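Peer 1: For the sequence shown, position 40 matches number 40 in this note's numbering, and the numbering has no gaps at all.
Beta carbons: idealized from backbone N, C-alpha and C, even for Gly.
Predicted model, so just to flag it, every value in this text is computed and none were measured.
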Amino acid sequence: MLGIFKNLSNEDYHADRTAVSRSGLMEFRKAPAKYWNTYLNPNRPEEKKDTPQMAFGRAFHTFVLEPHLFETQYCVQDLKLPEIQPKPLKGDLQLKYGKEIGAKLYEEAKELEYQQKMLRDRLLADFAAKSAGKELITLEQMNTLQMMRQSVMNHPQAAELITGAAIEHSIFWEDPHTGVRCKTRPDIWHENMTADLKTTVSADENSFRRDIPLYGYHLQSAFNREGIYRTGGKDIRTHTFICVEKEWPHLVAVYILDQNALDSAHKLFKNTLAEFKECQTSNVWPGYKTQEISLPPWAE
Numbered sequence: 001m002l003g004i005f006k007n008l009s010n011e012d013y014h015a016d017r018t019a020v021s022r023s024g025l026m027e028f029r030k031a032p033a034k035y036w037n038t039y040l041n042p043n044r045p046e047e048k049k050d051t052p053q054m055a056f057g058r059a060f061h062t063f064v065l066e067p068h069l070f071e072t073q074y075c076v077q078d079l080k081l082p083e084i085q086p087k088p089l090k091g092d093l094q095l096k097y098g099k100e101i102g103a104k105l106y107e108e109a110k111e112l113e114y115q116q117k118m119l120r121d122r123l124l125a126d127f128a129a130k131s132a133g134k135e136l137i138t139l140e141q142m143n144t145l146q147m148m149r150q151s152v153m154n155h156p157q158a159a160e161l162i163t164g165a166a167i168e169h170s171i172f173w174e175d176p177h178t179g180v181r182c183k184t185r186p187d188i189w190h191e192n193m194t195a196d197l198k199t200t201v202s203a204d205e206n207s208f209r210r211d212i213p214l215y216g217y218h219l220q221s222a223f224n225r226e227g228i229y230r231t232g233g234k235d236i237r238t239h240t241f242i243c244v245e246k247e248w249p250h251l252v253a254v255y256i257l258d259q260n261a262l263d264s265a266h267k268l269f270k271n272t273l274a275e276f277k278e279c280q281t282s283n284v285w286p287g288y289k290t291q292e293i294s295l296p297p298w299a300e
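What follows is the structure in structure tokens.
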């Protein structure tokens, strides 16, 4: 499967393990054995579910970039069940109100309890049908998603980046130098740039600058550039980040990678892909190296 796919689901994109992605190459950089055991080992354990932070970030992406899919994939857990009032003992009612009136009150209480249970069961069944096959989010999370999206859309540059863009297109290609199959899925794609939407604890410049090499965010620019170019598009050399904080007041920042960062990312992509090809050819995926180790500067 090579080319650009506009309507490929996120699940189907990630299910293709024959192509390496940015996140896969970042695992490979930690140690080739990390990549092999995560993606290729036939005896690997069942994949762990996303962390709550990852699940929330994915929900935010869908809510902002693909709102038409949100209701088909997510359901707000806002079900409020009526309180069931247990019926009193018949003997207690008869002792207090007399045999005839006590018996009547008991039957009324019994009927009320039955109706409350029927309503509760119906509400549970309706919610189960409404939420079938969907991810559940709390009402508090939904309120946060709405406030975060509003912050993004109130930011002039962020809103402009999202408007009119190609969203979540899946791109597959074969690297001409190594023959390795690669894939990328730009959050936002314009004719002359790509952009990523990131949720973060802090969108402060210094904080996000540290996050870029730590998580390989800049490497996404190289994957996008290569994927678009190798499938017949332009040589795009502009990559932008829309960062929105997860805590109130959900401040937004827009950052554009400078030329040094773009060049570094492209060199990192090419060099790491060549190392990946060596492991792929030899089918040898080494773990961590045995080497001397020193204290970090702060400890000295």
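Tell me which same chain residues have a C-beta within less than 6 Å of the C-beta of I212, skipping the five on either side of it?
Peer 2: The residue you call residue 212 lines up with position 212 of the sequence shown. Once the five neighbours on either side are set aside, the close Cβ partners of I212 are H218.
Peer 1: Which residue marks the beginning of the alpha helix (DSSP H) containing V254, and which one marks its end?
Peer 2: Counted from its first residue, the sequence shown places residue 254 at position 254. Note, V254: premise wrong, no alpha helix (DSSP H); beta strand (DSSP E) at 252–256.
Peer 1: Can you tell me where the alpha helix (DSSP H) holding Q73 begins and where it ends?
Peer 2: For the purposes of this step, residue 73 is identified with residue 73 of the sequence shown, where counting begins at 1. 67–73 is the extent of the alpha helix (DSSP H) around Q73.
Peer 1: Less than 9 Å separating the beta-carbons of C243 and T178?
Peer 2: The count along the sequence shown starts at 1 and reaches residue 243 at position 243. The count along the sequence shown starts at 1 and reaches residue 178 at position 178. Cβ distance not < 9 Å, so C243 and T178 don't count as in contact.
Peer 1: Skipping 5 residues on each side, what residues in its chain have a beta carbon closer than 8 Å to that of V254?
Peer 2: Working through the sequence shown from its first residue, we reach residue 254 at position 254. Excluding sequence neighbours, V254 sits near H155, Q157, A158, L161, T240, F241, I242, C243.
Peer 1: Pick helix, strand or coil for Q94, following the three-state DSSP scheme.
Peer 2: Counting from 1 along the sequence shown, the entry for residue 94 is found at position 94. Reduced to three states, the DSSP call for Q94 is helix.
Peer 1: With burial defined as no fewer than 16 other Cβ atoms inside 10 Å of the residue's Cβ, what is the status of K198: buried or exposed?
Peer 2: Within the sequence shown, residue 198 is the residue found at index 198, counting from 1. K198 comes out buried.
Peer 1: Per DSSP, what kind of secondary structure is A128 in: helix, strand or coil?
Peer 2: Within the sequence shown, the letter at position 128 stands for residue 128. In this structure, A128 counts as helix in the three-state DSSP scheme.
Peer 1: When the Cα atoms are used, what is the spatial distance from H250 to E11?
Peer 2: Sequence index remark: in the sequence shown, residue 250 carries index 250 (1-based). Sequence index remark: in the sequence shown, residue 11 carries index 11 (1-based). Rounded to whole angstroms, H250 to E11 spans 28 Å at the Cα level.
Peer 1: To the nearest angstrom, how far is the alpha carbon of Y13 from that of S170?
Peer 2: Mapped onto the sequence shown, residue 13 falls at position 13. Mapped onto the sequence shown, residue 170 falls at position 170. C-alpha separation (whole angstroms): 7 Å.
Peer 1: Rounding to the nearest angstrom, what Cα-Cα distance links A19 and V180 in this structure?
Peer 2: Mapped onto the sequence shown, residue 19 falls at position 19. Mapped onto the sequence shown, residue 180 falls at position 180. Rounded to the nearest angstrom, the two C-alpha atoms are 7 Å apart.
Peer 1: Could you tell me the distance, in whole angstroms, from the CA atom of D78 to the CA atom of A265?
Peer 2: Along the sequence shown, one-based indexing puts residue 78 at 78. Along the sequence shown, one-based indexing puts residue 265 at 265. Approximately 44 Å, taken between the alpha carbons.
Peer 1: Out of R29, T138, Q146, I228, point me to the one whose CA is closest to W248's CA.
Peer 2: Taking the first residue of the sequence shown as 1, we reach residue 248 at position 248. Here the closest residue by C-alpha is Q146.
Peer 1: Could you give the DSSP three-state label for R181: helix, strand or coil?
Peer 2: Stepping through the sequence shown from its first residue, residue 181 is reached at position 181. DSSP places R181 in strand when its eight states are reduced to three.
Peer 1: Please list, in chain order, all residues of the same chain as L105 whose beta carbon is under 7 Å from its beta carbon, the five residues on each side excluded.
Peer 2: In the sequence shown, the residue the question calls residue 105 occupies position 105. So the list reads L93, Y97, once near-sequence residues are dropped.
Peer 1: Which value, in whole angstroms, describes the spacing of the CA atoms of Y215 and F208?
Peer 2: Reading the sequence shown from its first residue, position 215 is the one you call residue 215. Reading the sequence shown from its first residue, position 208 is the one you call residue 208. Cα-Cα distance, rounded: 10 Å.
Peer 1: Against chain D, with Cβ distances strictly below 9 Å, would L8 count as a contact?
Peer 2: The structure shown contains no chain D; it is built from a single protein chain.
Peer 1: Tell me the rounded alpha-carbon separation between H68 and P186.
Peer 2: Your numbering for residue 68 matches position 68 in the sequence shown. Your numbering for residue 186 matches position 186 in the sequence shown. Answer to the nearest angstrom: the Cα atoms are 18 Å apart.
Peer 1: With three or more C-beta pairs closer than 8 Å as the rule, is the segment 58–68 touching the segment 103–122?
Peer 2: Contact between the segment 103–122 and the segment 58–68 is absent, because fewer than three Cβ pairs lie under 8 Å.
Peer 1: Nearest-angstrom Cα distance between K99 and P86?
Peer 2: Within the sequence shown, numbered from 1, the residue matching residue 99 stands at position 99. Within the sequence shown, numbered from 1, the residue matching residue 86 stands at position 86. Approximately 20 Å, taken between the alpha carbons.
Peer 1: Nearest by alpha-carbon distance to G164: which of I188, K183, C182 is it?
Peer 2: Within the sequence shown, numbered from 1, the residue matching residue 164 stands at position 164. The residue with the shortest Cα to Cα distance from G164 is I188.
Peer 1: To which residues of the same chain is Q141 closer than 7 Å at the C-beta, ignoring the five residues directly before and after it?
Peer 2: Locating residue 141 in the sequence shown gives position 141, counting from the first residue. Hits under 7 Å: F56.
Peer 1: Output yes or no for whether 9 Å exceeds the beta carbon distance between K117 and I167.
Peer 2: Translated into the one-based positions of the sequence shown, residue 117 becomes position 117. Translated into the one-based positions of the sequence shown, residue 167 becomes position 167. Going by C-beta atoms, K117 is not nearer than 9 Å to I167.
Peer 1: Alpha carbon to alpha carbon, how far is V76 from I137?
Peer 2: Working through the sequence shown from its first residue, we reach residue 76 at position 76. Working through the sequence shown from its first residue, we reach residue 137 at position 137. One C-alpha to the other measures close to 5 Å.
Peer 1: Just the Cα atoms here: how many angstroms apart are G24 and Y74?
Peer 2: Start at 1 with the first residue of the sequence shown, and residue 24 comes out as number 24. Start at 1 with the first residue of the sequence shown, and residue 74 comes out as number 74. Each residue's alpha carbon lies about 27 Å from the other.
Peer 1: Are the beta-carbon atoms of D263 and E226 separated by less than 9 Å?
Peer 2: If you number the sequence shown from 1, residue 263 lands on position 263. If you number the sequence shown from 1, residue 226 lands on position 226. It is not a contact, given that the beta carbons lie outside the stated cut-off.
Peer 1: According to DSSP, is I188 part of a helix, a strand, or is it coil?
Peer 2: Position 188 of the sequence shown, counted from the first residue, corresponds to residue 188. Three-state DSSP puts I188 in a strand.
Peer 1: Give the secondary structure of W36 by DSSP, where H, G and I count as helix, E and B as strand, and everything else as coil.
Peer 2: On the sequence shown, residue 36 is found 36 positions in, with the first residue counted as 1. Helix, per DSSP.
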